[in-house]
Structure formats: structure tokens, C-alpha cells
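Q: A single structure is presented below for examination.
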Amino acid sequence: MINYLNKEPFSKVVQELNKFQAPESQQLVTGVDDSARAVLWAQLFNEQPRQLLIVEPVATHLTQLVDDLQQLLPDYPVHLFPVEEAMPIEFSMASFDNQAMRVEALTALASGKPCVIVASGLALRKRLTPVSIWKDAQLTLSLGDDIERFELEKRLNYLGYTRESMVQAPGEYSIRGSIIDFYPLNYEYPVRLDFFDTELDSIRFFDAETQESIDNAETIQLLPVKDVLFSLEEQQAVLSQIQGDLEKRVKKIKDDETQEQVMKGMSDLLERLQHGEPLQYHLAYLEYRDAKGTTLVDYLADNGTLIINELDRIQNRERQSIEEDLFWIEQEMTKGNLLPGLSIKVEATEQIKNAKQPKIYCSVIQRGLGKLTFRAIHHIHYRSMNQFFNQMPLVKTEIDHWLKQENIVQVVLPTLEEARKAQARFEEYDIQPVVIQDTATLNPHAVNIVVGNLTNGFELPVAKWVVLTGKELFNQVKRRSVRKQTLSNAERIKSYSELEIGDYVVHINHGIGQYTGVENIEINGVHRDMVSVVYQDNSRILLPVDQIQLLQKYVASESKVPKLNKLGSAEWQKTKAKIATKIEDIADELIELYAKRENQKGYAFEPDTPEQAAFENAFSYVETDDQLRSTAEIKADMEKERPMDRLLVGDVGYGKTEVAMRAAFKAVMDGKQVAFLVPTTILAQQHYNTLIERFVDFPVNIGLLSRFVTQKQQKETITGLALGNIDIVVGTHRVLSKDIEFADLGLLVVDEEQRFGVKHKERLKQLKSQVDVLTLTATPIPRTLHMSMIGVRDLSVIETPPNDRFPVQTYVMERNEAAIKSAVEREMARGGQCFYLYNRVATIDQRAQELQELVPEARVAVAHGQMTEVQLETILIDFINGAYDILVTTTIIETGVDIPNANTLFVDMADHMGLSTLYQLRGRVGRTNRVAYAYLMYEPFKQLSEISAKRLQAIQEFTELGSGFKIAMRDLSIRGAGNLLGKQQSGFIDSVGFDMYSQMLKEAVDVKRGLKKPVSEETSESIEWDLMIDAYIPSSYISDERQKIAIYKSIQQVDSEEAYRQLQDQLIDRFGEFPDEVSDLLEIALIKHYGLLAGVEQIKQKNDQVEVTFNPRMTLKLQGATIFELLQDIPVKIKVAVENEQLKVTLQVRGTPSYQWLGYLKNLTQAIAERNKVKEQ
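If you count by the working numbering, then the sequence shown holds residues 24 to 1200, one letter each, in order.
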């Protein structure tokens, strides 16, 4: 590993630095920068483990430093303490990631144990919870502890958890009987506590998706889920202090009108707070609780070390931040949201100056350190490393020079596989490297390749030490270690079928209705749970829960409200019949296509060549598993004789183009030509640029056909294609024109096929029967549809994002000019660009003008769908080329434009947009290894409707997870389904709902392919059932209807003794011991399963008799001694008779508890079912 680096290069300096560690002592280090700094701090820590707080001037360097330190100090905690860079953003709803990282950092510091915390200068301005309160808030729970559950609930609320019916995301908790679930930030999985009275009986981790326990624990640490703790009592205390202070503070305002405004606003605020509304800006009032202000420096142990990098830049950034804050505070004060004269933040510079811990200042050159006096100054001779861009002769010259000078040369690469690849590459140029594994000694006379991850290389001439990384040698991008929480593994679309009251549902026989809940009804003294569904004219049906499989959730294209059917009318059957005929047509078409493809002869490509391996090795990123799998699937298709027709589905920026380029390279190596077909001129340009860059080291000629190319160039390309001089052509539908001839076209790559017109699609169809086709799409396709398309069209799916992606930091807030101004300036300061999404064409120019006045130095452009295609493309191309800083645009940017340099997105009036639109818009940013920001804004002073608030909260929560993500994926999938099956089908999907449509399509295709006999749902087998026992799920056991319905569905699916046991275990695990009603319900489900296999038609109870009736076929099999043999172990009186060719077995059950005689029925039906199965074999 890299352990030489954390012990060797700076050993002398580190000894000196550790010598002067008295309180308040100050030292200075100059000369060193980038990863070399990380190596220095790792060595300093390793020599003498303690707490280090490293303060950087800007947030952009933090993740890089943290990643390097985590590599160098694998056995110690290294945490990032990120803060929102501007005050208005800090006071908005923000995504969980930053909060979680702050909680972990504070907990590590509060523990007093050695650790490294990295923060920006602005982080020292943030007021925090006093250290003693933070330490007291943490709670360790152990088996056998005696805990009052209401006290634990109070504690969870105080620590920032919110109560939900079911725990699915970090920061949630739920209580069900003796069970408390919560999802802390410091564990990979949520935690389940099971109590016996007040004793903690069991601690388990469980899977948020399946809700099933996966592991036991003996103790658990309960940490806060927010970094500032503020109890209701403290809020009340602050409230009375604000009331006491209000008049005194308002009198200091000079302007009478502002005085009146503030007074009115604050009075409204106080009134709302007295009614229990949480203090929205409680962070602004922390001075009332803690006048001096607790900051990160107060959390650092007394014997820890404070390291300050580039003090002058920290001070400049702080001055800028204070100015930005004042602008916002003034706005909020006049709105009456904030009291005048509050000390909301403290000064970072003062914090550093007054810190009692020993300090090390670090600066590349000695400047901006004012009047500071230092106990010692250490200058390090350091050089940053040159970029070699794969120029191996140049690398060889440098390495020879370094070795001659007796430097130790170390190459750091992320994996052993890459180390081996680099070794082979070096040997080609007569450089003899050694791959060092484990703790072998470095060879001073050779190039030492070690496995590890550093951001960049460096040279230390005096220490005679040289470090190179993949970045300098091969222009590789370093992998980030991704923060792991199991939620991103959440099965993407599974849970969308959960029923909530008010949802529309489809009943197989009655059509579309609205689900109004589960009702418990008493019939002849027996309790039953019934599902209530309302139809047109308020007529309703009550459906027994054991027929729940007849209901499906109605899912259609985004936010489509369906028309309810009328009970008893023939309308629904007509709709179904009409769609069934259409589906027949599609099924025929699909089968015909399938048969055609199977019989067609195409070109079988040769296996991979050594050049192919070289091309794939030249990729400067690390492939994801999905990319590798998809590439393998595509190559396997290309090597077959029949023409390939494969669809590659993957989110924008997940690396579909790289997979397509590998297929293209394979085709070119086999002497074939490749056409890349894209829907827009801009995409053609972008793909062309990507291909030129990616194929730069290989003898491949690439042409472009689009409006941006001169007539002369177009002619040359067309001629080149006909003569075979052009290997790959990228273009819009121009590529499909009749005048274009290929010498030998072997592969067609189509990007977003659904965006082409009918005429072009027809031409594509002709091409498809002759050449291999790979279609790319970013719109997800529903899983259910995959199933029905298997063998008809092959699918490859890329679901994992590239390794170095950061989640998009998402904020939900009132539209606020101060926040917009500071976010734009911050993006421009790092050389980036912004999208400002404004969906009203009538006033879009006015909004652009307002933004121009707000940030005068920004260059603002406008783009919307009412412009001509040429105008629009010109503006977008200019924006891509960096001519503008802000693009004010409508939702036309939702798909297809790739602008990696735009990493800040504002969505105005976000509450008016659908989830999937918001999700796709947010996918426009965060396309590179930079942190991206999305601000979802709504009108100031606007009361959001509950639906809008939920939608915005959902998108803010799902940086990758949670129900919001699933809903967005669902909406997009349905869009994807329409794309795949053609527009006309979308209407049919809406008329019966997506699930019913998918089911009908799958059945039709299966029947056509001879995999299934046609079946009408009316004849579906079931047992007529009437028992006088309570078999249902009481609300006292499961109160949440959504979960109750889900459990009823699981009970319906019990089809073996094993499934029955698993469901019992699951219920006990999730809800505690179940009552008799649930026990009987489970037993009945198993009897039904065996009963169907045993030919049972009816089970009825009359008073003390239970009568089981068998169908005529089974009656014949059971005649004679057989039935008596099967009944001999049942210890109650039994009557056997045959009436109307049907066997009837009657059990006398007087005085026998229901669980016993249900057990007899289960044993009987199981024995008959198993006997029947053996005979049929």
C-alpha cells in the first residue's frame, strides 16, 4: 500500500514539527502543496496520533484532501466537515449528505480519540451545539438495558429523527407495539429494537427495502441526525427572550417604515411559534442559548493540532461571505423573519487567533501572515509533477534522469490490475519497474509501482523522492471512495405498487375505481377485513382481502387522472376487449420480428483483437461492472450470425457512449464502417468531439454530417463513405438520406430513437434487417416490459453511476435573490456555468434581465422552444463553448444536452413541476467529478400545497434513494414504455393502467410463442370458503394500511411450508408476536394452497361441523381405502360421503380450538396434494 508515503519523505520536518507542540505555539511550513501536503499531514499524524483539524480556504479542495488522507491513514477516522457556503442556503431544506458528514465529524472530535477533520474556513464561522450537550445527547443502547419507551421516543425527536409509519431513509423512526425502528447516520443499515416490557430484548440491523432483519448486535450507538440540537424547551426559552428583546432591537432601526415592517413580521412569527410551529431559522437565534458561540475549534481536543492552510485566502473568503450574508439578513429582516442585530455567525479569523491548541500554518509562499510570530519556519523544496499524457518516450527520459540522481521513484495506481498493465507498458520502453505488494521494501534503483489512490504526483528534490499517479502518466481520473449506505441498492421500481388511500386501482372484472381503505366488517359474528373501492356515481364494492390479487394499482403516464368506470356497465369489458385486439397485433408484430431475426443471416464479427484490448486500456476512467457486462453482451451479439438489435438503457452520463465506442472500434477492426445516428445537430457535434478525442491514438477516420459542417466537408465525407476511407460517421437524420452510400456498413448506433420522425424510423427499419444495430436511451424501461420483450429485443442496462460522481447537493427554498447571487458567483469563481430554469416563455426575457442586474458580471443567454431550431442550436453551442455564464431556459434542457461545465441548476417555481421532470432536470448537472448544486425554488410567502411540498421534499431526499426516486423512475419508465412500443400504445396504457397492460402483453406474447395456453381470468381456480373464525390482521397489530395491504398480498402468495414459516418469521421480526387472528389467517392461506393442489372445491363451516368438498376428478382418485388411510390420524369424529359424484369429508369440531382443526385440515390437504403430485409424475 502507500504506507511508505506516510512514514518516509518528510521524516525530518515531521520530527521538527512535533517538537514544538506546546499550547498556543505557532509554526509555519512553506513550499508544499496538493497531495504532497496530504502526505505531510499523514506523516505528522502517524508519528504522533492525535486530533488534527485542517482548515482549507475553499470548499473545492476538501474532498480531494479527505480522499488522499483516507488512503494514507486507512486505520484512523478521517472526516470531512462540509458547510453550505452561503447563509440563505444553510437556512433552506438541504439534502442529508452534508448533515451526516458533520454529525460523524463532531462525534469523532467529541470522543477525544485521534482523528483527522478537514473543513473550510467558513466552517469555523458556524455556531454549533455546546460540546457538553453534544456528548450528553449520544446514547449507547445494550441488550438488557431498562428503558422507558416514551423516553426513547422523546430522545429520538430531540436528536432530529422524524416519525414515519415505516423506516426507509436515514433520520426516520417508527414504533409498532414492542418494536422501535430507526435509521441512524452512523450505520450502513437501519436498526430494530425489540422490547420485553421495558427491557431491551433484541437489537437487530434490517434491510430498508425488504424490512427484514439481517444481523444481530449487542450494543448500538444512537447519534443525532442533525448537527445543531434544539429541544422544544429551548425553543420556548428562546421565544420568551425574543419577546423581551423585540422592542429594544426594533427601536434601533432608523427608518420608521422598516420599523413597522419588522414589528409586524416578527409579531406574526411569534404568534406562529406560540402555536408550536418549529422555529424555521432557529440557527439564527443560537446566541440566546450560547452567547460566546461554540465552534469546531471548541470540539478539538486540547492536545490536538490546528492546521491552517493559506490564511490570507481564508480571510478573503470570509470577508466576501460576510458581505453576502448581510445582503440576505437585510432581506429577511424586512420580511420580519429575523430580529435585527443578531450575531448569527462568529468570525473564523478570531477563532483561529484565539485557539489554545498548537497551530501549524501552511502556505506555498510566505505571504499574508501579517504580524504572526513563529516558533519555527520549515521550508520544503517541492515541485508539482508535469503531465505526460501517455507520451512514454518523455516518461522514460524523466525516469532515467531521476534514477541517475538517486531519487526513489514511486508510481501510485488504484488497482493491482492497473499496476500490472502499467508494468507491461513500462517494459515496452525498456523501463524495469517492480510492483510492490504488502510491505516489501522499496527498490531505490527501480520504478516502484504501488497500489493506492492519490490525487496527484509531486517531486521533493532535497528528500530525493518522486511520486507519479495515473493522472500525470496516462491522464487517468482518480477514483473516489463512495460513501456507502445500502439505500442506493434499493430495488428501483418495486415499491411503487404500494397502495395509499385515494389511489386509483384497476379491478380485473370491474375496471378503474378509487381505493378508500381497509374496513373491518362483522358478518354473522365473524370479523373480516375488506378492501373498499369506489366507482362512478359513488357506488362501491367491498373486496375480501383474500381476493386482493384481482386489484392492481392504476399507474399511467405522469399525473394522469383516469375516468372511473361504472359498476355493472359493459364499458370496462369493451375497453379490455378493444385493447386485447390491439395487443394481439403488437404480439404478432413482435413474434414476426423475433422469427425474422432468428432466420436472418448477418455478418458475424471476429473475436477481439490485441488492438481492441489496447483501445479499452486507453480509457482514462475505471469502468463500472454494468459497463463491462453490457460491453460483453454487445460483443457476444456482434459475433453471432444473426443481426444484432440491442437496446442499451442507462441514465445520462452513466457511460453508454464509451460502451458504444468499444463496439464501434470492434467493427472498424473487422473492416466494417460504423454510423452514429443522433437526433440533434448539437448532439452530433458533441458525439463527434468525444469520438475524435477517444480515437486520437488509433488509425480510425471519423466524419461528421450535420448543418454545422460546410458543403465542401460534407461532400468529402459522403465520398469517403462510399469509397471506404471514412470508418465512422456521426450525424443527424442526414445519415439516412438516399444519396449516402456506405462501402461496407457493419454497425449502426442510434441515440434516443424515439426522437426521430416516422419517415426516419421506416428507413431505420430497413437498415436494421441488414446490419447490427445498437440503440441507446436514457429513459428507463420498466422491468415488466423487459420480461415480455425477452428474445424479441435484447436489453442491456447500466444502473451504476461512474465511480467518481458526487451526489447532487439539493436545496428546497423560497426564491431568494441573495441566494441566487451568491450561488452564481460561486459557480463562476470555479470557472463553471449555471442553468436557470424558468418555464414561462412570456416573461422569460424579463427574468433574464433581472438576473443580469443581480449579477452584472455574468453573461446571460435565453433559450426556449418558441425559437427557431437554428437560433436555439446557436445559443446552445455558444453556451457549451463557454460564451455565457447563465442560460435561462425552459424545460427543453430536460433531455439530451450534455454540458459538463454547468454544475449549478436553479429551478424557478419548482412546485409546479412533476417529479420525473425535476429528476431529469437535476440530471443535467453533476455530470463530472465536481460537486453540483440544485436549488428548487418556490414563490416567497407562498403556502405550498401538501402534494407540492411532498414532491419537493422527495426530490431533496433522494440524492439516490427513497420513495421519490422510485416515483420518478416509475413515471419515466412509463414514458420509456410508450417510447418502446410506439406513441399509439401510450393511450392504451392509460386506459387500463400500466400493470394490466403489461400483464396482457406478456400473456399474449407467451401464448403466441407457445409457452402458455390461453386462459380467461373468469375460470381462474379458487376455493369457495366460509369459516366461522376471525382470520384477519387487527389494527392493534399493524395500524398502517399500506403495510397491512402489502402483508395481505404476501399471505396470498404463500405456496409452501417454507414460505409460510418465512412469513411468520418476517411478521415477528417486523411487528412482534402476532395474535390468534393472524395465526389463523396464515394457516388458512396454506390450506388454500394445498387445497387447490388437492382438488378441493369448497370448505364450509356449519355450527360445529366443517365440510370439505372435492371435485369429481379427485373424488375418483380418493375412492376406497385411500381416503380412510389419509384420515386415520385425525383425532375427531369424521363423516365421509359421496354426493353428485363429489366426495364430502365432514369434521365434527365441537370443543376443538380453531388452531387445532385448521392444523388437521392443513395436514389432510397437504397429504392429498403430495400424493397427487407423486402419481402425476
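Virtual Cβ for every residue (Gly too), placed ideally from N, Cα, C. Just so it is clear, the structure is predicted and the values come from calculations on it, not from any experiment.
(1) Beta strand (DSSP E) containing Tyr961: first to last residue?
(2) Rounded to the nearest angstrom, what separates Leu319 and Val1101 at their Cα positions?
(3) Which residue from Asp868, Val1159, Pro567 puts its Cα closest to that of Ala1144?
(4) Between the C-alpha atoms of Phe43 and Arg398, what's the straight-line distance to the nearest angstrom?
(5) Can you tell me the Cα-Cα spacing of Phe628 and Ala636, whole angstroms?
(6) Run through DSSP, which three-state label would Arg398 get?
(7) Taking the alpha helix (DSSP H) that Glu283 belongs to, which residues open and close that run?
(8) Could you pull the start and end residues of the beta strand (DSSP E) that Ile140 belongs to?
(9) Secondary structure at Lys1125, three-state DSSP: helix, strand or coil?
(10) Would you give the residue range spanned by the alpha helix (DSSP H) that Val418 belongs to?
(11) Whole angstroms is fine: what's the gap from Gln856's alpha carbon to Asp908's?
(12) Looking at C-beta atoms only, is the number of pairs between the stretch 239-249 and the stretch 207-218 that lie closer than 8 Å three or more?
(13) In the structure shown, what three-state DSSP assignment does Thr509 receive?
(14) What is the DSSP secondary structure of Phe1147, counted as helix, strand or coil?
(15) Name the DSSP bridge partner or partners of Ser819?
(16) Kindly give me the distance between the Cβ atoms of Leu483 and Pro32, rounded to whole angstroms, as I take these residues to be in contact under 8 Å.
(17) Find out if the Cβ-Cβ distance for the pair Leu1170, Leu1141 is shorter than 8 Å.
(18) Within a Cβ cutoff of 8 Å, which residues of the same chain sit near Asn41, ignoring the five residues on either side of it in sequence?
(19) By how many angstroms is the C-alpha of Thr598 removed from the C-alpha of Glu607?
(20) Return the CA-CA distance between Asp120 and Arg340, expressed in angstroms with no decimal places.
(21) Roughly how many whole angstroms lie between the Cα atoms of Glu127 and Asn1186?
(22) Report the three-state DSSP secondary structure of Val1204 (helix, strand or coil).
(23) Quick one: what's got a C-beta closer than 6 Å to Thr1132's C-beta in the same chain, skipping five residues either side?
(24) Thinking just about the alpha-carbon of each residue, which of Pro153, Val470, Leu426, Ala371 is nearest to the one in Tyr311?
(25) What did DSSP end up calling Ala1160 once you bin it into helix, strand or coil?
(26) Tell me which residues share the same chain as Leu329 and place their Cβ nearer than 6 Å to its Cβ, disregarding the 5 neighbours each side in the sequence.
(27) Leaving out five residues before and five after Pro467 in sequence, what residues of the same chain have Cβ atoms less than 8 Å from its Cβ?
(28) Can you tell me which residues form a DSSP beta bridge with Trp595?
(29) Determine the DSSP secondary structure at Met890, reduced to helix, strand or coil.
(30) Can you tell me whether DSSP reads Ala109 as helix, strand or coil?
(31) Tell me which residues share the same chain as Arg336 and place their Cβ nearer than 6 Å to its Cβ, disregarding the 5 neighbours each side in the sequence.
(32) By the DSSP assignment, the alpha helix (DSSP H) with Pro484 in it spans what residues?
(33) For the candidate residues Leu771, Arg786, Thr742, Val556, whose alpha-carbon lies nearest to that of Lys761?
(34) Could you give the DSSP three-state label for Val948: helix, strand or coil?
(35) Quick check on the DSSP output: the alpha helix (DSSP H) that includes Val1101 runs from which residue to which?
(36) In chain order, what residues of the same chain have a beta carbon less than 7 Å from the beta carbon of Val584, not counting five sequence neighbours either side?
A: Looking at the atomic coordinates:
(1) To locate residue 961, count along the sequence shown from 1; it is residue 938. Start and end: 956-961.
(2) Start at 1 with the first residue of the sequence shown, and residue 319 comes out as number 296. Start at 1 with the first residue of the sequence shown, and residue 1101 comes out as number 1078. C-alpha separation (whole angstroms): 53 Å.
(3) Here residue 1144 corresponds to residue number 1121 of the sequence shown, with the count starting at 1. The option with the nearest alpha carbon to Ala1144 is Val1159.
(4) Translated into positions along the sequence shown, residue 43 becomes position 20. Translated into positions along the sequence shown, residue 398 becomes position 375. Spanning the two alpha carbons is a distance of roughly 8 Å.
(5) Locating residue 628 in the sequence shown gives position 605, counting from the first residue. Locating residue 636 in the sequence shown gives position 613, counting from the first residue. So the alpha carbons of these two residues sit roughly 16 Å apart.
(6) Along the sequence shown, one-based indexing puts residue 398 at 375. Coil.
(7) For the purposes of this step, residue 283 is identified with residue 260 of the sequence shown, where counting begins at 1. Per DSSP, Glu283 belongs to the alpha helix (DSSP H) from 279-297.
(8) The residue you call residue 140 lines up with position 117 of the sequence shown. Segment 138-143, the beta strand (DSSP E) holding Ile140.
(9) The residue labelled residue 1125 in the question sits at position 1102 within the sequence shown. In this structure, Lys1125 counts as strand in the three-state DSSP scheme.
(10) Taking the sequence shown and counting its residues from 1, the one referred to as residue 418 is at position 395. Counting along the chain, the alpha helix (DSSP H) containing Val418 begins and ends at 415-427.
(11) Here residue 856 refers to the residue found at position 833 of the sequence shown. Here residue 908 refers to the residue found at position 885 of the sequence shown. Those two C-alpha atoms are separated by around 5 Å.
(12) yes
(13) Locating residue 509 in the sequence shown gives position 486, counting from the first residue. Note on Thr509: pLDDT 35, under 50, position unreliable in the model; the coordinate value appears next. In this structure, Thr509 counts as helix in the three-state DSSP scheme.
(14) The residue given as residue 1147 occupies position 1124 in the sequence shown. Phe1147: helix per DSSP, three-state reduction.
(15) Position 796 of the sequence shown, counted from the first residue, corresponds to residue 819. Paired residues: Leu671.
(16) Position 460 of the sequence shown, counted from the first residue, corresponds to residue 483. Position 9 of the sequence shown, counted from the first residue, corresponds to residue 32. Contact flag correct, Cβ pair sits at about 6 Å.
(17) Within the sequence shown, the letter at position 1147 stands for residue 1170. Within the sequence shown, the letter at position 1118 stands for residue 1141. Against a cut-off of 8 Å, the Cβ pair of Leu1141 and Leu1170 comes out as no contact.
(18) What you label residue 41 is simply residue 18 of the sequence shown in a count that begins at 1. The answer, listed in chain order, is Leu67, Glu70, Gln71.
(19) The residue given as residue 607 occupies position 584 in the sequence shown. The residue given as residue 598 occupies position 575 in the sequence shown. When rounded, the distance between both Cα atoms is 14 Å.
(20) The residue you call residue 120 lines up with position 97 of the sequence shown. The residue you call residue 340 lines up with position 317 of the sequence shown. Taking the straight line from one Cα to the other gives about 24 Å.
(21) Position 104 of the sequence shown, counted from the first residue, corresponds to residue 127. Position 1163 of the sequence shown, counted from the first residue, corresponds to residue 1186. Approximately 55 Å, taken between the alpha carbons.
(22) Because the chain here runs from 24 to 1200, residue 1204 falls outside it and cannot be looked at.
(23) Along the sequence shown, one-based indexing puts residue 1132 at 1109. Cβ neighbours of Thr1132 beyond the five flanking positions: Glu1120, Gln1121, Gln1165, Lys1167.
(24) As a working mapping, residue 311 is identified with position 288 in the sequence shown. When each option's Cα is compared against that of Tyr311, the closest is Pro153.
(25) Here residue 1160 is taken as the residue at index 1137 of the sequence shown, counted from 1. Looking at Ala1160 - three-state DSSP - the assignment turns out to be strand.
(26) The residue labelled residue 329 in the question sits at position 306 within the sequence shown. Leu76, Ala378, Gln380, Lys382.
(27) Here the question's residue 467 lines up with position 444 in the sequence shown. Closer than 8 Å at Cβ, skipping near neighbours: Glu429, Ile431.
(28) On the sequence shown, position 572 is the one that residue 595 refers to. Per DSSP, none; premise fails for Trp595.
(29) Position 867 of the sequence shown, counted from the start, is the residue given in the question as residue 890. Coil at Met890, not helix or strand.
(30) For the purposes of this step, residue 109 is taken as the residue at position 86 of the sequence shown. Looking at Ala109 - three-state DSSP - the assignment turns out to be coil, as it is neither helix nor strand.
(31) Looking up residue 336 in the sequence shown gives position 313. Within the same chain, Arg336 has close Cβ partners Pro80.
(32) Numbered from its first residue, the sequence shown carries residue 484 at position 461. Where Pro484 is concerned, there is no enclosing alpha helix (DSSP H), given that its DSSP letter is neither H nor E.
(33) As a first step, residue 761 is located in the sequence shown; it is residue number 738 there, counting from the start. For Lys761, the nearest C-alpha among the options comes from Arg786.
(34) Walking along the sequence shown from the start, residue 948 turns up at place 925. DSSP places Val948 in coil when its eight states are reduced to three.
(35) On the sequence shown, position 1078 is the one that residue 1101 refers to. 1099-1116 is the extent of the alpha helix (DSSP H) around Val1101.
(36) Start at 1 with the first residue of the sequence shown, and residue 584 comes out as number 561. Excluding residues within five positions, none has a Cβ falling inside 7 Å.
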